[in-house]
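Enquirer: In order, the protein sequences belong to chains A and B.
Just so we're aligned: the first sequence equals residues 2 to 481 in our numbering.
Just so we're aligned: the second sequence equals residues 2 to 481 in our numbering.
Where a beta carbon is used, it is the ideal one built from N, C-alpha and C, also for glycine.
Remember, it's a predicted structure, so these values are computed and weren't measured experimentally.
Okay, here's the structure, questions in a sec.
There are 2 protein chains.
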Amino acid sequence: MAQQAVTPQSVDFSKWYNEIVYKADLADQSPVRGCLIIKPYGYELWEAIRDGLDRRFKATGHRNAYFPLFIPESFLKKEAEHVEGFSPELAVVTVAGGEELAEPLVVRPTSETIIMAAFREWIQSYRDLPLLINQWANVVRWELRTRPFLRTTEFLWQEGHTAHATFEDAEAETMQMLNVYADLCINDAAVPVIRGKKSDREKFAGAMHTYTVEAMMGDKKALQSGTSHNLGQNFAKAFDIKYLDEANVLQHVWTTSWGMSTRMVGCVVMAHGDDKGLRLPPKIAPYQVVIVPIYKSDEEKSAVLGTVERISGQLAEAGIRFHVDRREGQSPGFKYNDWEMRGVPVRMEIGPKDVEKNSAALARRDVPGKEGKQFVPQDGIVQAVKGLLNAVQANMLQQATAFRDANIHDVKNYDELKQVIEAGGWARGWWAGSGADEGKIKEETAATIRCFPFDQPGGNGPCLYTGEKAERVALFARAY
Amino acid sequence: MAQQAVTPQSVDFSKWYNEIVYKADLADQSPVRGCLIIKPYGYELWEAIRDGLDRRFKATGHRNAYFPLFIPESFLKKEAEHVEGFSPELAVVTVAGGEELAEPLVVRPTSETIIMAAFREWIQSYRDLPLLINQWANVVRWELRTRPFLRTTEFLWQEGHTAHATFEDAEAETMQMLNVYADLCINDAAVPVIRGKKSDREKFAGAMHTYTVEAMMGDKKALQSGTSHNLGQNFAKAFDIKYLDEANVLQHVWTTSWGMSTRMVGCVVMAHGDDKGLRLPPKIAPYQVVIVPIYKSDEEKSAVLGTVERISGQLAEAGIRFHVDRREGQSPGFKYNDWEMRGVPVRMEIGPKDVEKNSAALARRDVPGKEGKQFVPQDGIVQAVKGLLNAVQANMLQQATAFRDANIHDVKNYDELKQVIEAGGWARGWWAGSGADEGKIKEETAATIRCFPFDQPGGNGPCLYTGEKAERVALFARAY
Chain A
2 MAQQAVTPQS VDFSKWYNEI VYKADLADQS PVRGCLIIKP YGYELWEAIR DGLDRRFKAT
62 GHRNAYFPLF IPESFLKKEA EHVEGFSPEL AVVTVAGGEE LAEPLVVRPT SETIIMAAFR
122 EWIQSYRDLP LLINQWANVV RWELRTRPFL RTTEFLWQEG HTAHATFEDA EAETMQMLNV
182 YADLCINDAA VPVIRGKKSD REKFAGAMHT YTVEAMMGDK KALQSGTSHN LGQNFAKAFD
242 IKYLDEANVL QHVWTTSWGM STRMVGCVVM AHGDDKGLRL PPKIAPYQVV IVPIYKSDEE
302 KSAVLGTVER ISGQLAEAGI RFHVDRREGQ SPGFKYNDWE MRGVPVRMEI GPKDVEKNSA
362 ALARRDVPGK EGKQFVPQDG IVQAVKGLLN AVQANMLQQA TAFRDANIHD VKNYDELKQV
422 IEAGGWARGW WAGSGADEGK IKEETAATIR CFPFDQPGGN GPCLYTGEKA ERVALFARAY
Chain B
2 MAQQAVTPQS VDFSKWYNEI VYKADLADQS PVRGCLIIKP YGYELWEAIR DGLDRRFKAT
62 GHRNAYFPLF IPESFLKKEA EHVEGFSPEL AVVTVAGGEE LAEPLVVRPT SETIIMAAFR
122 EWIQSYRDLP LLINQWANVV RWELRTRPFL RTTEFLWQEG HTAHATFEDA EAETMQMLNV
182 YADLCINDAA VPVIRGKKSD REKFAGAMHT YTVEAMMGDK KALQSGTSHN LGQNFAKAFD
242 IKYLDEANVL QHVWTTSWGM STRMVGCVVM AHGDDKGLRL PPKIAPYQVV IVPIYKSDEE
302 KSAVLGTVER ISGQLAEAGI RFHVDRREGQ SPGFKYNDWE MRGVPVRMEI GPKDVEKNSA
362 ALARRDVPGK EGKQFVPQDG IVQAVKGLLN AVQANMLQQA TAFRDANIHD VKNYDELKQV
422 IEAGGWARGW WAGSGADEGK IKEETAATIR CFPFDQPGGN GPCLYTGEKA ERVALFARAY
């Protein structure tokens, strides 16, 4: 396994990203167009994100279920905007069991239509509401341009689907799940997302309102990391989902949907990585600690591995995820580089001197060089590791937050917006323009409205584009 | 929600099964031919099985990964027996992104071919072996006749795929994973499976040896619950997967694959259910305890719910999965029946008298009527519940084992075999027949060799069919 240099971020961020994904062993290319093989290290990162979400979904009263992969073509056509949004991207099964199908089956690009058909059967009265369902699944969207994790033909995700008695209940649910996403991003992934509302032009096909969590990547581009949709009664009407309210009146329900996907793996890579490779936040790192034993003679080896064994036992007992790099024939230096590439938050080095002195060296991935390295006594090493993991987690969030805040600029007019975007930042300014105006800005600058942030200055000001009185600020950026 | 009677098992087991699946809220029918909607209660049962397996896979050194849903048609054709076994059942994507595909994509019926193509890239030397991968995924097989959970067009499963340096290593892995399946079935699902080897006629398409865990259902039919395949070098040769051994010689690897699926949900239903509904083993039950509060006046309600609240807190703290049935307008009797239908192992009743006497009633699902009901003091109730859950788990395994053992009969000749099979049992006898002989027996009795059990009497005897000297006994049964 040769250790070739990675293209620096400053030279070509996009190239850096692609190289890191493969060199850090997160994924591999597959023989199927636009589909990725998620390798164990990448999948374990996804498992940590998935488990963090699943725990939060269950804590807020949602239950998992599973619906068919295939959707009859006619179902998809029931909601007009929805089918228009998805039809160019569909993969279609036309032959099965050796015969041509009477009605082609679409491989789900998302499951609103098939789930709403079930909700219609399951919901009769207000007692059946709210209905709070989540599904973990693979979905397929035939994308023209794909990038590992960020945009792949097939991807893994969760899709929440809920039904409520009132608009207010649906809106509260939409907001609750957006906050769940923000909580996961900020507190687990150390990615300081901005919560906000999508413009009508950028909202989900079929939604009334779409809310988003937007993250800034290392190249200052935006990544939409999770979305939560208030679908109003659009799907309820298309699928005729009604309930008998307490006054015995038939009403259409109000529905929501919300999703987060393996795209989050790409988000973590691009928000935290540096020219040495990944940097993983301890809370979701597959290995929080890597132990590198250092020895030359057999005698040293036996003493060092004995100590490693003892410390491993303590880490395991404390529930710390760790890996001992026992590879023979690789130098410690090679191993250090290798685990820096894979972004393990804390490296523990144990050599003959450490055995002698009852010590160990701990090196942080987030603080390079000598500054990030300390020698600690083996007694109480679990507490030292725990403290360090907390410090790394906090520091990574702090670094990402400082980076983001330094790169969001208030703009008063379109010229300023263009300058900010051209320099690679996010532009925030008063907005009262139309969807067509957004389209023109996208054409000219490649930037879109990422969201109207919930965190608004208040009051009003002149629209940066039209000069008209605007009630809210929008956040513009180039995005993945 | 009306409570209609279920068709008794003794009248029509198959009808009983279908009714239970829907009435116990495990699943719902879907608009897609042969595909099931797995409802939350059924999915939670699957989650418990899945988590039990995943924990065991990780403990034995396997790592999860994810490979594409779609397999290029040409890949499937590389292993001759494999494609012959699966081609009648394939669902094929021919159109994607609005265009006809140059090469059709098969929706995976199993992933040997696409995973072996990756293994070819990942394996260079003996240092890369063993390679121990598992995938949690959905697969599609276009079955002519489908039954909920037991045989559906799409199902959820895990498929393990491993590569090894020697036949012995592959064989040891195949056996290890069969034992993992047996352990899950016996110790979690309380299903006393029989481990054994499949006949050549019944083995997996492309395998050298297939091992199986076979369970007896309530109607005495057999259910193949998990299989583990030693694939020899068949796939290694078809996909040219070679490694450099320690002597620097290129060798083909030896591979295995093994799978268990949502079929296990059906297994649990049919192994334990009775005419009142499901009976779930506590270790995998979504709710181990259901609490039914009983009251008439508002005063009683407040006192009872206060006690329920306090006990709930204790159960939660002890990690016991429970549900409080707070439904208004349903009688306790209705609720008892409802939770018996769903198979909750222990029911806790708390009424005004219990509040007064500081007691609670506990009723076991596995022991009907008064015999299974006891009154316990509220002090120490967590210990009482834990003890009861252990007792239910042990008793269910004991009951299923006794039932199975009472229905396996040794047979000396074909007439005896026919009698046993006709009466609905399993027939065990010496076997030295051919695949063609097995075929004839299947035609005449609908029974197949489920396996050659590992647990053999030793010695030899005359083949029950040919009279020739046989070295091993086979187990015959009708099967799902």
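Any beta-carbon of chain A closer than 8 angstroms to the one on B:K119?
Expert: Before going further, note that residue 119 of chain B is Ala rather than Lys in the sequence given. So, interface residue.
Enquirer: Pairs of beta-carbons, one from the segment 356 to 365 of chain B and one from the segment 228 to 236 of chain B, closer than 8 angstroms: are there three or more?
Expert: Short answer: they don't touch.
Enquirer: Relative to the C-alpha of A:L185, which candidate in A:Y466, A:G462, A:E215 has its C-alpha closest?
Expert: It is A:E215.
Enquirer: Measuring only the C-alpha atoms, how far is A:P193 from A:K199?
Expert: Each residue's alpha carbon lies about 18 angstroms from the other.
Enquirer: Using a Cβ-Cβ cutoff of 8 angstroms, what residues of the segment 421 to 449 of chain A are near chain B? List them in chain order.
Expert: Per Cβ criterion, the list is empty.
Enquirer: When the cut-off is 8 angstroms and only beta carbons count, does B:S31 lie next to chain A?
Expert: It does; some Cβ of chain A falls within 8 angstroms.
Enquirer: With a CB to CB cut of under 6 angstroms and the five nearest residues on each side skipped, what residues in its chain are close to B:A478?
Expert: So the qualifying residues of the chain are A223, W427, A448, R451.
Enquirer: Tell me which residues share the same chain as B:Q252 and place their Cβ nearer than 7 angstroms to its Cβ, disregarding the 5 neighbours each side in the sequence.
Expert: Cβ within range, chain order: K243, Y244, D246.
Enquirer: Relative to the C-alpha of A:L91, which candidate in A:V421, A:L77, A:Q125 has its C-alpha closest?
Expert: The shortest C-alpha separation from A:L91 is found at A:L77.
Enquirer: For A:G197, which three-state DSSP category applies?
Expert: In this structure, A:G197 counts as strand in the three-state DSSP scheme.
Enquirer: Can you find a CB in chain A that lies within less than 8 angstroms of the CB of B:N19?
Expert: Not closer than 8 angstroms to any Cβ of chain A, the Cβ of B:N19 fails to qualify, so no.
Enquirer: So, is A:Q125 buried or exposed, given that buried needs 16 or more other C-beta atoms within 10 angstroms?
Expert: Its Cβ having fewer than 16 others within 10 Å, A:Q125 is exposed.
Enquirer: Can you find the residues in the same chain that come closer than 6 angstroms, C-beta to C-beta, to B:F58, ignoring five residues on each side of it along the sequence?
Expert: Closer than 6 angstroms at the Cβ level, and outside the excluded window around B:F58, lie N135.
Enquirer: What whole-angstrom Cβ distance do A:S226 and A:Y212 have, given they're in contact under 8 angstroms?
Expert: With a Cβ gap of about 12 angstroms, A:S226 and A:Y212 do not count as contacting.
Enquirer: Per the contact definition of three or more C-beta pairs closer than 8 angstroms, is the segment 43 to 53 of chain A in contact with the segment 58 to 68 of chain B?
Expert: The answer is yes - the segment 43 to 53 of chain A touches the segment 58 to 68 of chain B, with three or more Cβ pairs under 8 angstroms.
Enquirer: From which residue to which residue does the beta strand (DSSP E) around B:W432 run?
Expert: Start and end: 427 to 432.
Enquirer: Under DSSP, the alpha helix (DSSP H) around A:A401 begins and ends at which residues?
Expert: 382 to 407 is the extent of the alpha helix (DSSP H) around A:A401.
Enquirer: Contact defined as beta carbons within less than 8 angstroms: I believe B:A138 pairs with B:E160. What is the distance between those atoms, to the nearest angstrom?
Expert: At roughly 7 angstroms, the Cβ-Cβ gap stays under 8 angstroms, so B:A138 and B:E160 are in contact.
Enquirer: Quick one: what does DSSP say B:V347 is sitting in, helix, strand or coil?
Expert: Strand at B:V347.
Enquirer: Where A:G370 and A:Y337 are concerned, what is the direct C-alpha to C-alpha distance, given to the nearest angstrom?
Expert: C-alpha separation (whole angstroms): 12 angstroms.
Enquirer: Starting from B:I39, find everything on chain A with Cβ-Cβ shorter than 7 angstroms and list it in chain order.
Expert: Under the 7 angstroms cutoff, chain A gives A66, Y67.
Enquirer: Out of curiosity, what's the CA-to-CA distance linking A:G267 and B:G352?
Expert: One C-alpha to the other measures close to 54 angstroms.
Enquirer: How many whole angstroms separate the CB atoms of B:W255 and B:F168, which I take to be in contact at a CB cut-off of 8 angstroms?
Expert: The Cβ separation is near 5 angstroms, so the contact holds.
Enquirer: Using the Cα positions of A:A3 and A:S332, report the straight-line distance between them to the nearest angstrom.
Expert: Residue confidence is low: A:A3 scores 48 on pLDDT, short of 50, so the model does not pin down where it sits. No coordinate-derived value is stated.
Enquirer: When the Cα of A:A190 is compared with those of A:E469, A:R473, A:C36, A:A395, which residue comes out closest?
Expert: Nearest C-alpha to A:A190: A:A395.
Enquirer: Would you tell me roughly how many angstroms separate the C-alpha atoms of A:A208 and A:D456, rounded to the nearest one?
Expert: In a straight line, the C-alpha of A:A208 is about 22 angstroms away from that of A:D456.
Enquirer: Considering only residues of the same chain and omitting the five flanking positions on each side of B:P105, which have a CB-CB separation below 6 angstroms?
Expert: Correct list, in chain order: E74, V93, T95.
Enquirer: Where does the unbroken beta strand (DSSP E) through B:I134 begin, and where does it stop?
Expert: 132 to 141 is the span of the beta strand (DSSP E), which, as asked, contains B:I134.
Enquirer: Taking the alpha-carbon of A:F150 as reference, which of A:G462, A:E439, A:M271 has the nearest alpha-carbon?
Expert: The shortest C-alpha separation from A:F150 is found at A:M271.
Enquirer: Under 8 angstroms, do B:L130 and B:A166 count as touching if we go by C-beta distance?
Expert: Going by C-beta atoms, B:L130 is nearer than 8 angstroms to B:A166.
Enquirer: Expressed to the nearest angstrom, what Euclidean distance is found between the alpha-carbon atoms of B:I39 and B:L27?
Expert: When rounded, the distance between both Cα atoms is 6 angstroms.
Enquirer: Which value, in whole angstroms, describes the spacing of the CA atoms of A:W340 and A:R196?
Expert: Between A:W340 and A:R196, the C-alpha separation is close to 33 angstroms.
Enquirer: Locate the beta strand (DSSP E) running through B:F156, then write down its first and last residues.
Expert: 155 to 165 is the extent of the beta strand (DSSP E) around B:F156.
Enquirer: According to DSSP, is B:E215 part of a helix, a strand, or is it coil?
Expert: Strand at B:E215.
Enquirer: So B:A272 is in the alpha helix (DSSP H); what residue range does that whole segment cover?
Expert: Counting along the chain, the alpha helix (DSSP H) containing B:A272 begins and ends at 264 to 273.
Enquirer: Could you tell me if B:V141 is buried or exposed, where buried requires 16 or more neighbouring beta carbons within 10 angstroms of its beta carbon?
Expert: With 16 or more other Cβ atoms within 10 Å, it is buried.
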